[in-house]
Structures are given as structure tokens and as C-alpha cells.
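Letter 87 of the sequence shown, counting from 1, is numbered 87 in the UniProt record's numbering, and no numbers are missing. Cβ coordinates follow ideal geometry from the N, Cα and C atoms, glycine included.
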Amino acid sequence: MITTQYSAQIQEALHQFHHDRGELVPILRHLNDAIGYLPKDVLAEVSERLHVSESHVYGVATFYSMLSTEKKGQFAVKLCESAPCHVVGGREVIKAIKTHLGIDAGETTADGKFSLDMVSCLGVCGVGPVMMVNSETYGNLTPEKAIEILSAL
1 MITTQYSAQI QEALHQFHHD RGELVPILRH LNDAIGYLPK DVLAEVSERL HVSESHVYGV
61 ATFYSMLSTE KKGQFAVKLC ESAPCHVVGG REVIKAIKTH LGIDAGETTA DGKFSLDMVS
121 CLGVCGVGPV MMVNSETYGN LTPEKAIEIL SAL
């Protein structure tokens, strides 16, 4: 049996969702929130304990933008790059945030405080441009407002 430094958290998540492989997304979300990301050994242990293939678990973990298989900064910033956000100024917001943080999409600041990712949609198109910081969503952004929000963190 695979065991990791996160076995206790894995057991807790599986217990909370009754070891139901149909609850794989909530299980992974719970673990992602508890650990901060989903290391490969965690995915392997979940796979073994739920009796599903490791490739299936990995596929689910990499499909959903709310899950991450890479360690992120203390503040995980997700920027929407969909058409509805772009037509209302999203490009300018993205450029301002990249410049302010000094990183590009897929990177983490040297101090580990911020990570930046682009997503195709955050599901709140009516209030674009939009960014999500951890689980908090911010809409109707301007470059200045986005920088103000990040500076306050």
C-alpha cells in the first residue's frame, strides 16, 4: 500500500466522501485545499485507495482549473482570458498584473507569495474582467483596481 506524508489528509477526505469514487472531484478539491496542491504521490495513493487508475485520477486533477498538480504561491491568482473578459479590458488587466508581479502565467514569485495562471473562464462573464485569488473572485477590474487588490494581500 502506498503511504505518503499526506496519508492522514487523504484518509480524512476519503472518509468524508464515503470512499465513493464518484466523488473524486470533491475528494481532490478537499485535498487541494488542505495541502495547497496535489502532489503525484497523493494522486497515486488516492488512485490505489479508490481502486481507479492513476491516469484517470491525474486526468481529473489536471482537467479542472480549481485543482493544481504544482505547488502554488500563498496567493494563487487566476486570470480569465476568455473573449467576454477581453472585450471589456481584460488584456490590459492581465498586462498590468504580470508587470506588477514580475512573472508570467505558470510562474510563482521568488518569495512564494503569488502564483499566476490563465484560465479560459471563471464563469462570471457578466462582471468581466475577472480574477480569482485563492477562492475569492473579483470582477469589474481595471488595471489599477487589480493592482490595488494584490497590493493589499
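Between the C-alpha atoms of E45 and H18, what's the straight-line distance to the nearest angstrom? The alpha-carbon atoms of E45 and H18 are separated by roughly 16 angstroms.
Simplified DSSP assignment, three categories, for L116: When secondary structure is reduced to three states using DSSP, L116 falls in the strand class.
Does the Cβ of V57 have 16 or more other Cβ atoms within 10 Å, making it buried, or fewer, making it exposed? Counting other Cβ atoms within 10 Å of its Cβ, V57 reaches 16 or more and is therefore classed as buried.
Could you check how far apart the C-beta atoms of G102 and K72 are, in whole angstroms? I think they sit under 8 angstroms. So it is not a contact: roughly 16 angstroms between Cβ atoms.
Which residue comes first and which comes last in the alpha helix (DSSP H) that contains T62? Start and end: 54 to 63.
Look up T99 in the DSSP assignment and say whether it is helix, strand or coil. The DSSP-derived three-state label of T99 is helix.
Inspect the beta-carbon positions of V77 and V133 and report whether they are closer than 7 angstroms. Contact annotation: V77 and V133 have beta-carbon atoms nearer than 7 angstroms.
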